[in-house]
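Read the structure below first, then the notes.
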Amino acid sequence: MNRVNNRRLQVGLQQHKQTLLNMHTSVSSSRRGAHAKTSLKSRKKELQFCKSAIHDWGLFAMEPINASDMVIEYVGEIIRQKVADHRERIYERQGIGSSYLFRLDEDAVIDATKMGNMARFVNHCCQPNCNARIITVDGGKRIVIYAKRDIDAGEEITYDYKFPIEKDKIPCLCGAEGCRGTLN
871 MNRVNNRRLQ VGLQQHKQTL LNMHTSVSSS RRGAHAKTSL KSRKKELQFC KSAIHDWGLF
931 AMEPINASDM VIEYVGEIIR QKVADHRERI YERQGIGSSY LFRLDEDAVI DATKMGNMAR
991 FVNHCCQPNC NARIITVDGG KRIVIYAKRD IDAGEEITYD YKFPIEKDKI PCLCGAEGCR
1051 GTLN
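The sequence shown lines up with residues 871 to 1054 when you count with our numbering.
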(Lines of atoms letter the chains of each structure in order from A and count residues from 1; the text may use other names and numbers.)
(Lines give C-alpha, C1' and ligand atoms only; values in the text may rest on other atoms or scores of the structure.)
Protein backbone atom coordinates (compact mmCIF):
# COMPACT_ATOMS: atom_id res chain seq x y z
CA MET A 1 0.00 0.00 0.00
CA ASN A 2 1.19 3.49 -0.73
CA ARG A 3 1.40 5.23 2.64
CA VAL A 4 1.77 8.66 1.12
CA ASN A 5 -1.69 8.06 -0.29
CA ASN A 6 -2.69 6.71 3.10
CA ARG A 7 -2.09 10.12 4.71
CA ARG A 8 -3.33 12.66 2.19
CA LEU A 9 -6.84 12.76 0.78
CA GLN A 10 -7.39 14.92 -2.26
CA VAL A 11 -10.93 16.14 -1.94
CA GLY A 12 -12.93 18.95 -3.43
CA LEU A 13 -13.73 22.17 -1.66
CA GLN A 14 -17.20 20.87 -0.78
CA GLN A 15 -15.71 18.06 1.33
CA HIS A 16 -13.41 20.57 3.05
CA LYS A 17 -16.44 22.67 3.96
CA GLN A 18 -18.17 19.58 5.32
CA THR A 19 -15.08 18.81 7.39
CA LEU A 20 -15.29 22.26 8.95
CA LEU A 21 -18.97 21.77 9.74
CA ASN A 22 -18.22 18.46 11.46
CA MET A 23 -15.32 19.88 13.44
CA HIS A 24 -17.01 20.18 16.82
CA THR A 25 -18.73 16.83 17.12
CA SER A 26 -19.61 15.22 20.39
CA VAL A 27 -19.38 11.62 21.42
CA SER A 28 -21.86 9.45 19.56
CA SER A 29 -22.18 5.78 18.88
CA SER A 30 -23.62 3.44 16.31
CA ARG A 31 -26.23 0.77 17.00
CA ARG A 32 -23.58 -1.58 18.36
CA GLY A 33 -21.52 1.09 20.08
CA ALA A 34 -18.47 -0.01 18.10
CA HIS A 35 -17.83 3.43 16.65
CA ALA A 36 -17.52 6.81 18.32
CA LYS A 37 -16.53 10.30 17.31
CA THR A 38 -14.26 12.35 19.53
CA SER A 39 -13.65 16.04 20.06
CA LEU A 40 -12.06 18.28 22.67
CA LYS A 41 -14.06 21.49 22.57
CA SER A 42 -11.83 23.78 24.57
CA ARG A 43 -8.35 25.22 24.14
CA LYS A 44 -8.63 25.33 20.36
CA LYS A 45 -6.37 27.49 18.21
CA GLU A 46 -7.30 29.49 15.15
CA LEU A 47 -6.20 27.30 12.22
CA GLN A 48 -6.85 27.16 8.50
CA PHE A 49 -6.20 24.58 5.82
CA CYS A 50 -4.46 25.95 2.73
CA LYS A 51 -2.35 24.70 -0.16
CA SER A 52 0.97 23.45 1.20
CA ALA A 53 4.47 23.43 -0.23
CA ILE A 54 5.00 20.08 1.52
CA HIS A 55 2.07 18.10 0.14
CA ASP A 56 -1.21 19.29 -1.40
CA TRP A 57 -3.13 20.66 1.58
CA GLY A 58 -1.72 21.62 4.96
CA LEU A 59 -2.87 23.12 8.23
CA PHE A 60 -1.62 26.60 9.13
CA ALA A 61 -1.62 28.67 12.32
CA MET A 62 -3.68 31.85 11.98
CA GLU A 63 -2.42 33.13 15.34
CA PRO A 64 0.84 32.72 17.27
CA ILE A 65 0.95 29.45 19.25
CA ASN A 66 3.15 29.02 22.31
CA ALA A 67 5.37 25.99 22.90
CA SER A 68 3.49 23.21 24.76
CA ASP A 69 0.06 24.58 23.79
CA MET A 70 -2.58 22.20 22.51
CA VAL A 71 -3.01 22.93 18.80
CA ILE A 72 -5.81 20.58 17.72
CA GLU A 73 -7.30 17.19 18.47
CA TYR A 74 -7.20 14.51 15.76
CA VAL A 75 -10.93 13.81 15.43
CA GLY A 76 -12.64 10.94 13.68
CA GLU A 77 -14.44 7.68 14.08
CA ILE A 78 -12.96 5.26 16.61
CA ILE A 79 -12.86 1.81 15.02
CA ARG A 80 -11.19 -1.54 15.67
CA GLN A 81 -7.95 -2.40 13.86
CA LYS A 82 -9.68 -5.11 11.82
CA VAL A 83 -12.26 -2.57 10.61
CA ALA A 84 -9.45 -0.10 9.79
CA ASP A 85 -7.67 -2.70 7.65
CA HIS A 86 -10.92 -3.44 5.81
CA ARG A 87 -11.70 0.25 5.25
CA GLU A 88 -8.21 0.95 3.95
CA ARG A 89 -8.75 -1.66 1.22
CA ILE A 90 -12.18 -0.19 0.42
CA TYR A 91 -10.78 3.35 0.21
CA GLU A 92 -8.12 2.14 -2.23
CA ARG A 93 -10.70 0.34 -4.41
CA GLN A 94 -12.96 3.41 -4.41
CA GLY A 95 -10.07 5.52 -5.65
CA ILE A 96 -10.26 7.86 -2.68
CA GLY A 97 -6.48 7.92 -2.88
CA SER A 98 -5.87 8.44 0.79
CA SER A 99 -7.24 7.56 4.15
CA TYR A 100 -6.57 9.19 7.48
CA LEU A 101 -6.10 6.29 9.85
CA PHE A 102 -4.25 7.11 13.08
CA ARG A 103 -3.53 4.31 15.55
CA LEU A 104 -4.84 5.07 19.04
CA ASP A 105 -3.61 1.85 20.65
CA GLU A 106 -3.21 -1.85 19.77
CA ASP A 107 -6.95 -2.33 19.27
CA ALA A 108 -8.29 1.06 18.19
CA VAL A 109 -7.74 3.40 15.26
CA ILE A 110 -9.17 6.86 14.60
CA ASP A 111 -10.45 7.10 11.03
CA ALA A 112 -10.75 10.75 9.94
CA THR A 113 -11.17 9.92 6.25
CA LYS A 114 -14.88 10.73 6.05
CA MET A 115 -15.70 11.99 9.53
CA GLY A 116 -12.81 14.08 10.73
CA ASN A 117 -11.59 17.58 11.29
CA MET A 118 -8.79 19.79 10.00
CA ALA A 119 -6.15 17.85 11.96
CA ARG A 120 -6.05 15.35 9.11
CA PHE A 121 -4.33 18.02 7.00
CA VAL A 122 -1.27 18.23 9.27
CA ASN A 123 1.70 17.25 7.11
CA HIS A 124 4.80 15.28 8.05
CA CYS A 125 8.09 17.04 8.66
CA CYS A 126 11.43 15.61 9.77
CA GLN A 127 11.94 18.77 11.87
CA PRO A 128 8.35 19.29 13.06
CA ASN A 129 6.97 22.14 15.12
CA CYS A 130 4.43 19.84 16.84
CA ASN A 131 4.08 16.33 18.17
CA ALA A 132 1.12 14.00 18.55
CA ARG A 133 0.28 12.61 21.97
CA ILE A 134 -2.30 10.17 23.21
CA ILE A 135 -4.05 11.58 26.26
CA THR A 136 -6.92 10.35 28.42
CA VAL A 137 -10.01 12.53 28.87
CA ASP A 138 -12.94 11.29 30.97
CA GLY A 139 -11.61 7.73 30.67
CA GLY A 140 -11.30 7.84 26.87
CA LYS A 141 -8.13 8.06 24.80
CA ARG A 142 -7.66 11.01 22.45
CA ILE A 143 -4.94 12.01 19.97
CA VAL A 144 -3.91 15.62 20.43
CA ILE A 145 -1.37 17.71 18.53
CA TYR A 146 0.81 19.92 20.78
CA ALA A 147 3.30 22.64 19.83
CA LYS A 148 6.94 21.59 20.40
CA ARG A 149 8.08 25.19 20.06
CA ASP A 150 6.59 28.62 19.48
CA ILE A 151 4.77 28.75 16.14
CA ASP A 152 4.27 31.98 14.20
CA ALA A 153 0.99 33.02 12.59
CA GLY A 154 1.03 31.79 8.98
CA GLU A 155 3.38 28.88 9.73
CA GLU A 156 2.39 25.37 8.67
CA ILE A 157 1.61 22.92 11.47
CA THR A 158 3.70 19.72 11.12
CA TYR A 159 4.59 16.60 13.08
CA ASP A 160 6.71 13.51 12.48
CA TYR A 161 4.48 10.65 11.30
CA LYS A 162 7.01 8.12 12.66
CA PHE A 163 6.01 5.42 10.21
CA PRO A 164 7.64 2.05 10.91
CA ILE A 165 10.70 1.10 8.89
CA GLU A 166 9.66 -0.95 5.87
CA LYS A 167 11.23 -2.22 2.67
CA ASP A 168 9.14 0.08 0.46
CA LYS A 169 10.29 3.60 1.23
CA ILE A 170 7.95 6.58 1.13
CA PRO A 171 9.68 9.74 -0.09
CA CYS A 172 9.62 12.70 2.27
CA LEU A 173 8.76 16.06 0.74
CA CYS A 174 9.21 18.23 3.84
CA GLY A 175 12.37 20.00 2.62
CA ALA A 176 13.53 20.61 6.20
CA GLU A 177 17.19 20.91 7.07
CA GLY A 178 18.27 17.40 8.05
CA CYS A 179 15.38 15.75 6.19
CA ARG A 180 15.68 11.94 6.39
CA GLY A 181 14.53 11.59 2.78
CA THR A 182 11.78 9.10 3.63
CA LEU A 183 8.85 8.90 6.00
CA ASN A 184 9.80 5.37 7.05
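Backbone N, C-alpha and C fix where the C-beta goes; we use that ideal spot for every residue, glycine too.
This structure is a prediction, so every number in the text was calculated from the model and none was measured.
F930: which of N993, Y944, D977 sits nearest, CA to CA? In the sequence shown, residue 930 corresponds to position 60, counting from 1. The shortest Cα separation from F930 among N993, Y944, D977 belongs to N993.
With 16 other CB atoms within 10 Å as the buried threshold, where does G946 fall? Numbered from 1 along the sequence shown, position 76 holds the residue referred to as residue 946. Under this definition G946 is a buried residue.
R1012 - DSSP class collapsed to helix/strand/coil: Indexing the sequence shown from 1 puts residue 1012 at position 142. DSSP places R1012 in strand when its eight states are reduced to three.
How far does the alpha helix (DSSP H) with I960 in it extend, from its first residue to its last? In the sequence shown, residue 960 corresponds to position 90, counting from 1. Run containing I960: 951-963, per the alpha helix (DSSP H) assignment.
The segment 952-961 touching the segment 979-986, judged by at least three CB pairs closer than 8 Å: Counting Cβ pairs under 8 Å, three or more are found: they touch.
Counting only C-beta atoms, is R1019 closer than 8 Å to chain C at any point? Absent from the structure is chain C; it holds one protein chain and no more.
To the nearest angstrom, report how far apart K1018 and Q997 are at their CA atoms. Within the sequence shown, numbered from 1, the residue matching residue 1018 stands at position 148. Within the sequence shown, numbered from 1, the residue matching residue 997 stands at position 127. Approximately 10 Å between the Cα atoms of the pair.
C-alpha gap between G1024 and K1037, whole angstroms: Taking the sequence shown and counting its residues from 1, one reaches residue 1024 at position 154. Taking the sequence shown and counting its residues from 1, one reaches residue 1037 at position 167. A direct Cα-to-Cα measurement between G1024 and K1037 gives close to 36 Å.
If distances are taken between C-alpha atoms only, which option among R990, G1010, L971 comes closest to Q918? The residue you call residue 918 lines up with position 48 of the sequence shown. Nearest option by C-alpha distance: R990.
Roughly how many whole angstroms lie between the Cα atoms of P1034 and A937? As a working note, residue 1034 is residue 164 in the sequence shown. As a working note, residue 937 is residue 67 in the sequence shown. So the two alpha carbons sit approximately 27 Å from each other.
Return the chain-ordered list of same chain residues with a C-beta closer than 6 Å to the C-beta of L1053, the five sequence neighbours on each side being excluded. Against the sequence shown, residue 1053 aligns to sequence position 183. Exclusion of the five residues before and after L1053 leaves H994, Y1031, F1033, I1040, C1042 as the residues of its chain whose Cβ lies within less than 6 Å of its Cβ.
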